[in-house]
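When the letters of the sequence shown are read in order and numbered with this note's numbering, they come out as residues 198 to 675.
Note that CB positions come from ideal geometry on N, CA and C, so glycine has one too.
The model shown is predicted, which means the values in this text are computed figures rather than measured ones.
First the structure, in the form of structure tokens, and then the observations on it.
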Amino acid sequence: MQLNTNFNEALSTDLFHLIRETSSDLGLKTYIVGGFVRDHILGRNKLKTDLDFVTIGSGIELAKALKRRLSNTGKLSVFKTYGTAMIKYDGMDLEFVGARKESYSAQSRKPAVEEGTLEDDQNRRDFTINALAVSLNRDDFGKLIDPFNGLEDLKRKCIRTPLDPVITYSDDPLRMLRAIRFASQLNFEIDRNSLQAIAKENKRMAIISRERVVDELNKILAVDTPSKGFLLLDEVGLLEDILPELTNLKGIEEVEGQTHKDNFYHTLEVVDNIAKTTSNLWLRWSALLHDIGKAPTKKFSKKVGWTFHSHEFVGAKMVYELFKRLKMPLNEKMKFVQKMVFMSSRPIVLAQDIVTDSAVRRLIFDAGDYVDDLLTLCEADITTKNPKRFERYHKNFHLVRKKIDEVEARDHIRNFQPPISGEMIMNKFGLSPCKEVGMIKEKIKESILEGDIPNEFEAAYSLMIKEGIALGLKMIEE
Ligand code: CTP
198 MQLNTNFNEA LSTDLFHLIR ETSSDLGLKT YIVGGFVRDH ILGRNKLKTD
248 LDFVTIGSGI ELAKALKRRL SNTGKLSVFK TYGTAMIKYD GMDLEFVGAR
298 KESYSAQSRK PAVEEGTLED DQNRRDFTIN ALAVSLNRDD FGKLIDPFNG
348 LEDLKRKCIR TPLDPVITYS DDPLRMLRAI RFASQLNFEI DRNSLQAIAK
398 ENKRMAIISR ERVVDELNKI LAVDTPSKGF LLLDEVGLLE DILPELTNLK
448 GIEEVEGQTH KDNFYHTLEV VDNIAKTTSN LWLRWSALLH DIGKAPTKKF
498 SKKVGWTFHS HEFVGAKMVY ELFKRLKMPL NEKMKFVQKM VFMSSRPIVL
548 AQDIVTDSAV RRLIFDAGDY VDDLLTLCEA DITTKNPKRF ERYHKNFHLV
598 RKKIDEVEAR DHIRNFQPPI SGEMIMNKFG LSPCKEVGMI KEKIKESILE
648 GDIPNEFEAA YSLMIKEGIA LGLKMIEE
């Protein structure tokens, strides 16, 4: 892999020159560290908008002086308790901290902080690839400072901690998830000792706030091949604590020679499939959770073999519990995931059969605006290893999509509004709200979905009169 260790161009902006001059005038030494350095070397810097600076001395003092020189163009926030300061400038978050030694207690991620050298500061960082620093000082501006062979680890594509991994992970257990997230994002491997330390320390994850955990899960889900991260989470024993709904899907059972597929590995395949077609995070969550109802609904019967009756319904209810437990938003995003899980078996039934207009109309009616997302999920759900079946399902999905466009252009079922309102029915037959009104409305809706009448006022009006008479109602003369 081609690594870029030349920082001349990247540091040639006015901002870096101003930091150099400000730091020098204050008699401080300042370095840029962490993600900016790592991503620059890897050629990923276009992604980076948060920059981390370490100063030997007070980061807050440097930030304040820099802010004065930037006059009105930056917004400064100072976090005295943490000894950090942040300037929002030109779409970037510039974070300043004084170099420090840290020591942690067993119950908390909040360290006791002492001033330290640059090397102390690099030592306390999570991974060697994140501990690389570049000088912003006059005498050696742009020089890479790499005491732990981080560059070598970038070459070897390896995630390794600067200190004994048991200490690094125990100090801040969030780093266990970060290791897996970086391995997923960068397609790196985690050093064996690190993996063992994570497996040993995994229960310490309990002290991490669920919001931070979800943040990392979202980042793992956002990569090109999310299965890598979930397999690692499983390997080190974190997944069963964070998402037991997934680990409960593991395993293939056999009764009387009949087996079912391993729904855990199937799920990961579906997530990788969907990652190829959409970057919608909530659709990716839907793929991850689409089968969770299968664990509690699994049954074996002699007649039909393995069944998972109503797993979509049960799964949708589990989505709510899972979101609540992980403190994820219980808003329309959750409802979207619930709807996807609830409807996740519908289109495949269509794709296995002859695709009729009425089945397509019902699908559009039930899925509403989400019909395209639902089809994306269901196509990703095709993991059959039988090439003939694979081809047939995909062909049929193509047909379903085509039919959806045709039927929708003609019948306007999406966000269905009945062509005859309850009020019209009541006026026509002189009724107050009663069950007959509902029956007539239902008959009209069903007839449209079945294709017995078009989704138009005239046809629906005639049907209303016919139904009303059949129910023994009398029309009011106009
Ligand atoms: N860091 C750490 N332990 C943590 C979080 C952060 O040691 N739990 C250090 C690492 O040196 C990291 C730096 O703080 O590089 C900045 O952290 P952050 O902004 O979270 O990560 P980046 O490395 O910048 O990467 P990204 O923005 O891609 O997440």
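Can residue i and residue j be called in contact, C-beta distance under 8 Å?
i, j, result
"D175", "E292", "Since the first and last residues shown for the chain are 198 and 675, residue 175 lies out of range."
"R266", "T227", "no"
"L486", "V546", "no"
"V230", "I257", "no"
"M661", "I622", "yes"
"A667", "V597", "no"
"I395", "Y366", "yes"
"L185", "R235", "Missing from the structure shown is residue 185; the chain here goes from 198 to 675 and no further."
"D290", "D247", "yes"
"P615", "E653", "no"
"L374", "E413", "yes"
"I534", "S618", "Ile is not the amino acid found at residue 534; the sequence shown has Val there. No, the Cβ-Cβ distance between V534 and S618 is not below 8 Å."
Which whole-angstrom value is the C-beta distance of residue i and residue j, which I expect to be below 8 Å?
i, j, result
"T325", "P359", "5 Å"
"I356", "D388", "6 Å"
"A296", "T252", "7 Å"
"Q382", "K354", "So it is not a contact: roughly 12 Å between Cβ atoms."
"L443", "L436", "6 Å"
"A328", "G347", "6 Å"
"L259", "I284", "About 10 Å separates the two Cβ atoms, so there is no contact after all."
"M531", "M525", "7 Å"
"K600", "D554", "7 Å"
"T481", "A492", "Here residue 481 is Arg; the residue named in the question, Thr, does not match the sequence. Not confirmed; about 20 Å, so no contact."
Can you find a heavy atom of the ligand CTP that lies under 7 Å from the Cβ of residue i?
i, result
"V467", "no"
"V230", "yes"
"L371", "yes"
"D323", "yes"
"N327", "yes"
"R297", "no"
"R586", "no"
"D412", "no"
"R375", "yes"
"D249", "yes"
"R401", "no"
"R357", "no"
"R407", "no"
"R235", "yes"
Rank the options by C-alpha distance to the C-alpha of residue i and give the top, closest one.
i, options, result
"H508", "E633, G490, K521, K499", "G490"
"F379", "S618, D368, G426, S367", "G426"
"L429", "Q393, I405, K642, I449", "Q393"
"G665", "G512, A564, K625", "K625"
"T456", "A419, E432, W503, P423", "W503"
"G232", "A282, A330, L259", "A330"
"S644", "A657, C575, L418", "A657"
"G512", "K524, S498, K536", "K536"
"N390", "M402, A376, K400", "A376"
"E466", "E453, I579, K500, G648", "I579"
"R372", "N399, L223, L348", "N399"
"E518", "K458, H506, I439", "I439"
"E633", "L239, L670, G648", "L670"
"D361", "F345, T422, G254, K352", "F345"
"I238", "L341, H506, G635", "L341"
"E453", "D343, L523, S221, K499", "K499"
"T281", "L273, V294, D287", "V294"
"V411", "F520, R543, E349, F510", "F520"
"G434", "D343, G240, A403", "A403"
"K496", "E451, N528, S209, N470", "E451"
"C575", "I449, H595, I364, V363", "H595"
Counting only C-beta atoms, is residue i closer than 8 Å to chain C at any point?
i, result
"A403", "As a matter of chain content, chain C is missing from the structure shown, which is built from one protein chain."
Below 8 Å, how does it come out for the region 456-463 and the region 474-486: are there three or more Cβ pairs, yes or no?
no
Are at least three pairs of beta-carbons, each pair with one atom in the region 604-614 and one in the region 550-562, less than 8 Å apart?
yes
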